[in-house]
Amino acid sequence: MVLTGHCLCKAVTFKADVEEPLLTGYDHCDDCQRQSGSTYSLVVVVPKDKLTTEGPIKKWKGTADSGNSVYRWFCSECGSPIAHDPEAAPVIALKGGCLDSPIKKALKPTTEIWTHGKLPFCQEKLEHPFEYMPN
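Quick look at the structure:
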């Protein structure tokens, strides 16, 4: 399976050549809520070494609860969030909304991460919840 996508203005494109995502789910952490401007962020986690990007990406460095750095990737032209990249992990979380339409329509989220930050009015529960990030 090849996951392809782009930002709103199409200046940034990406491709992840994977058999399947390592995780597809809702990320309820406060940073993802703020980055998405919504109650959670739909994430599709893939190995970093399987991802290629083209275009003007800007990276903002934040700090995770662990103290490690997390880089939030945005299109420098339109501001669309593309991914979040935990420096200490070999994986990257692509923002599901940026995937090409046929791919994102076929996603089947099964996991919720950072349910510690889940807003109380979010009622849906997926089969594999994690209070924080799974190991």
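Be aware that the sequence shown starts at 1, since it is given in full-length UniProt numbering, and climbs by one per residue. We put the CB at the ideal spot given by N, CA and C, even for glycine.
It is roughly 5 angstroms from the alpha-carbon of S69 to the alpha-carbon of T63. Between the alpha carbons of P90 and L42 lies a distance of about 19 angstroms.
Residue pairing by DSSP puts L51 in a beta bridge opposite A16.
The Cβ-Cβ distance between L51 and I103 does not fall below 7 angstroms.
Within the same chain, Cβ atoms closer than 6 angstroms to the Cβ of W60 are found at R72, the five residues on either side in sequence being excluded.
Shown here, C7 sits in coil according to DSSP, grouped into three states, outside any helix or strand.
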